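If you're matching positions, the sequence shown starts at 2 in the numbering used here and goes up one per residue.
C-beta: ideal position from N, C-alpha, C; glycine also.
Remember, predicted model here, so these are calculated numbers, not experimental data.
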Amino acid sequence: MKGAQTIEATTVKQLEKAGVRVGDTLHLSGKGMCNIHSGATWSGQSNSPFMPFDCSQIIWNDAPALPLPESDLVNKAMALSQAVNRQLHPKPEDDSRVSASLRSAIQKSGMVLLDDFGDIVLKTADLCAAEDECVRSEKCAG
Numbered sequence: 002m003k004g005a006q007t008i009e010a011t012t013v014k015q016l017e018k019a020g021v022r023v024g025d026t027l028h029l030s031g032k033g034m035c036n037i038h039s040g041a042t043w044s045g046q047s048n049s050p051f052m053p054f055d056c057s058q059i060i061w062n063d064a065p066a067l068p069l070p071e072s073d074l075v076n077k078a079m080a081l082s083q084a085v086n087r088q089l090h091p092k093p094e095d096d097s098r099v100s101a102s103l104r105s106a107i108q109k110s111g112m113v114l115l116d117d118f119g120d121i122v123l124k125t126a127d128l129c130a131a132e133d134e135c136v137r138s139e140k141c142a143g
C-alpha cells in the first residue's frame with residue numbers, strides 16, 4: 002500500500018503513465034492554457050474587467066486542443082468577422098461589383114472599398130439583436 006506521491010512531469014505522456022491518484026502532489030512544467038468557461042453568470046454588459054473561470058480543464062504542451070465552441074452567438078460573430086475580412090482583403094478570384102481599375106485607384110488614395118457594406122450591417126444587426134448589446138460597435142459605425 003502506497004501513500005501520496007510527488008509526481009513530476011514535463012509532458013502529457015509522463016503524466017498519463019504516472020497513474021495520478023487523489024492526494025498526490027504534482028510538479029508540472031511546460032506551456033499550456035486553461036479552458037475558460039464563462040458560465041451563465043457573466044454577460045457582455047458586465048462592468049468588471051475580470052471574467053470568472055476555473056482551470057479544471059487544461060490544455061498542456063502537446064495535448065490536443067479543444068474544439069472551437071459552438072453556439073449561435075459564436076456563429077454570428079464568425080460570420081460577421083468573415084464578411085468584414087472578405088471585404089477588407091478581397092482575393093483576386095472574388096466577384097466584385099467594382100472594376101479592377103477603380104478599385105486600384107480607390108486603394109491608392111488611401112480609402113478602403115467595401116463592396117457590400119449592407120452585408121456587414123445585416124450581420125451586425127443579427128449579432129446585436131438586443132438593444133444594449135454591441136454598444137461599442139454601434140458607436141464605431143455611427
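Contact check, residue i vs residue j, beta carbons under 8 Å
i: Leu114; j: Ile107; result: yes
i: Ser30; j: Thr7; result: no
i: Leu128; j: Ala78; result: yes
i: Asp116; j: Gln88; result: yes
i: Ser100; j: Pro91; result: no
Per-residue DSSP class, three states only, for residue i
i: Met52; result: Note that Met52 has pLDDT 49, beneath the 50 cutoff, so the model's placement of it is unreliable and the number below is only indicative. Three-state result, Met52: coil.
i: Leu29; result: strand
i: Thr125; result: helix
i: Glu9; result: strand
i: Ala19; result: helix
i: Val136; result: helix
i: Ala131; result: coil
i: Ser105; result: helix
Contact set for residue i: own chain, Cβ-Cβ below 8 Å, skip 5 residues either direction
i: Gly24; result: Gly4, Ala5
i: Val85; result: Ile121
i: Leu26; result: For clarity, residue 26 is Thr in the given sequence; the question names Leu instead. If we look at Thr26 and ignore the five residues flanking it on each side, its Cβ neighbours are Ala5, Gln6, Thr7, Ile8.
i: Met112; result: none
i: Leu74; result: Leu128
Cβ shell of residue i (< 6 Å), same chain only, five flanking positions each side left out
i: Trp16; result: It is Leu, not Trp, that sits at residue 16 in the sequence shown. Cβ neighbours of Leu16 beyond the five flanking positions: Ala10.
Own chain, CB closer than 7 Å to residue i, minus 5 neighbours either side, in chain order
i: Arg104; result: Ser97, Leu114
Ordered list of alpha helix (DSSP H) runs contained in the region 61-101, each at least 4 residues: 73-89
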